[in-house]
């Protein structure tokens, strides 16, 4: 009787947690290594170009949504921290630190929005997609979170994914790797996915 | 001894993965059919009206956040692709292609923001809620992702839900179903939820 | 033979759903009490200050992204409901209703964006992070959803978290607790997490 219970419980659990495995065809299933060890991780650098060195926007990869050509002329009352500034971006991402040869044709891009939200210091908030478009990786990761610039590293959430990153969740750790005034900044992103669906 | 281990393991797993089932009352539980077959799916059409045919905004369902009445006068330097333009929308959604009789009183609406993020081509990014308000379905789905307009279909993430869609996750596939200049566009959305909580 | 199957199934399930438990060290694991009873809950009040009583922005915690000092001068065609208005905020949050002694140095803050998206009535949409920075709690929760102001309470999604709230998911219920014209509003947020990772 007890063993029957086990059989029933085991079959019930099997159908509940791994229904995809019992199908004949190879099918997608949820994969968690552990919540301490990611099922997938990668380091990427985001390059955000506001103005190039000739002070032109011809190479820019982001645009201030509110005053597209006036990011350098902050509202005086905000104390130069751009409180309220919303910036739309479409930034190349690379595995190494170097800028890609072409800013437009990059295999990985970050597309979305960031905004400055402090009167006292530079502080930002991000919501964006990482778009992968190479033969090796195709799909998107969707992220959002607070970028507390005053802290050396800060974590944001990977809230979902598509394609090769179907349904993925995890955490991305941001670190400012370079900051050149209003022309360029580079963020290091250590992306760790803890729930993969492969 | 071995069978005791199994009993313990089975009981442990039972409590871990299906605690809600052992309660006396009917209670909500996580339901995954498989990660290939959605636990819920639906097709909806989103209608975004910028200007009506008399070039007025009286019927518009979206508003450019930056210059509410000047969407047609793009910043010249962006090459007509509206790079940096942020648009707030509150669009009716329908199960068929036809516009609803009333633009305001629709049982399903998409509320949120999209933005244009490319200098080379039309390319967008979305973050929004689908608000269901009928006798049959009540609640919201929350979505975000890159809308790579150049691709025939593109996937975004369903990152959460409330009410009848409590905690749901999945993927929505977008397809441009109609595009009439700056007056109107219609997106087909195939929404597939893979994690339901019922 | 049947019992062998059970052993295999049990071991398979054990490795699939609770890999972290079998490690020697203490490690993070997914914790769900049930989908009716949160694994963590809290009530917080969000204080959004647009203008102080002398009609100045010196104490403001939010900024209209589009016209940083002109929130009170709505576009006439929007009928006073600010359709299309995007507001960036960095609001103190408290456990009680009272404003914190200092608006800048608060242990809990909400950082992100809300926007007004209706021509007929006040209706909003939120995407933001709750940033915890005390000795007791450190980390962030990331939320998004429709704030249907006409309804007494409305639910939005907790789509992820970091630090002490690593990977958390759940629902937050909003209620307007105070509304003082264009100077101040207070939202009560009942946050219930159903998936914790501890």
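Residue numbers (this note's numbering), protein chains in the order written: chain A, 187 to 384; chain B, 187 to 384; chain C, 187 to 384.
Note that CB positions come from ideal geometry on N, CA and C, so glycine has one too.
- Taking 8 Å as the threshold, the shortest C-beta distance from residue 288/C to chain A does not fall below it.
- Neighbours of residue 313/B in chain A, taken as residues whose beta carbon is under 7 Å from its own, are 313 in chain order.
- Residue environment: residue 384/A is assigned as exposed (fewer than 16 neighbouring CB atoms within 10 Å of its CB, all protein chains considered).
- When secondary structure is reduced to three states using DSSP, residue 379/B falls in the strand class.
- Apart from sequence neighbours up to five positions away, the residues of its chain that approach residue 249/A with a beta-carbon distance below 6 Å are 274, ordered along the chain.
- Interface residue (Cβ-Cβ distance to chain C less than 8 Å): residue 283/A is not classified as such.
- For residue 350/A, there is no enclosing beta strand (DSSP E), since its DSSP letter is neither H nor E.
- A distance below 6 Å between beta-carbons, with the five flanking residues on each side excluded, links residue 280/B to the following residues of its chain, in chain order: 231, 286.
- Interface annotation, residue 301/B: in contact with chain A, CB-CB separation under 8 Å.
- Comparing alpha-carbon positions, the option among 227/C, 247/C, 224/C, 223/C lying closest to residue 233/C turns out to be 247/C.
- Counting C-beta atoms within 10 angstroms of its own C-beta, residue 354/B has 16 or more neighbours from the protein chains shown and is therefore classed as buried.
- Identification of chain B residues near residue 342/C by a Cβ-Cβ cut-off of 9 Å yields 315, 326, 328, 346, 348, ordered along the chain.
- Here the alpha carbon of residue 318/A sits roughly 25 Å from the alpha carbon of residue 352/C.
- Linking residue 291/A to residue 320/A through their CA atoms gives a straight-line distance of about 11 Å.
- Within the segment 215-227 of chain A, 215, 216, 217, 218, 219, 220, 221, 222, 223 place their CB atoms closer than 9 Å to a CB of chain C, listed in sequence order.
- Annotation: the continuous beta strand (DSSP E) that includes residue 278/A extends over 272-280.
- Close CB contacts of residue 226/A within its chain, under the 7 Å cut and outside five residues either way in sequence, are with 379, 382 (chain order).
- When the beta-carbon positions are compared, residue 343/C and residue 356/B stay at least 8 Å from each other.
- The shortest CA-to-CA distance from residue 338/B to any of 329/B, 373/B, 270/B, 314/B is the one to 373/B.
- Apart from the 5 residues on each side of it in sequence, residue 299/A sits with its Cβ closer than 8 Å to the Cβ of 251, 272, 273, 274, 275, 312, 313, 314 in its chain, given in chain order.
- Only those residues of the segment 351-384 of chain B whose C-beta falls short of 8 Å from the nearest C-beta of chain C are listed: 352, 353, 383.
- When C-alpha distances from residue 327/C are compared across 316/C, 228/C, 336/C, the shortest belongs to 316/C.
- For residue 332/A, the residues of chain C that pass the 7 Å Cβ criterion are 297, 315, 317, 326, in the order they occur in the chain.
- Closest in C-alpha terms to residue 350/C, from the list 269/C, 323/C, 368/C, comes 323/C.
- Contact note: residue 272/C reaches chain A through 272, using a C-beta cutoff of 7 Å and chain order.
- Nearest C-alpha to residue 214/A among 213/B, 215/B, 224/B, 214/B: 224/B.
- Put simply, the backbone Cα of residue 245/B is about 22 Å away from that of residue 375/B.
- Separation of residue 216/C and residue 222/A (C-alpha to C-alpha, rounded to the nearest whole angstrom) is 11 Å.
- Taking 8 Å as the cut-off, the Cβ atoms of residue 310/B and residue 333/B count as close.
- If you check the CB distance, residue 368/B and residue 236/B come in under 8 Å.
- Proximity of residue 246/A to chain C, defined by a Cβ-Cβ separation below 8 Å, is not satisfied.
- Scanning chain C for C-beta atoms nearer than 8 Å to the C-beta of residue 213/B yields 220, 221, 222, reported in chain order.
- Within its own chain, the residues whose Cβ lies closer than 8 Å to the Cβ of residue 363/C, once the five positions on either side in sequence are excluded, are 231, 283, 372, 373, 374, listed in chain order.
- The alpha-carbon separation between residue 348/C and residue 243/B amounts to approximately 42 Å.
- For residue 322/B, the secondary structure class from DSSP, reduced to helix, strand or coil, is coil.
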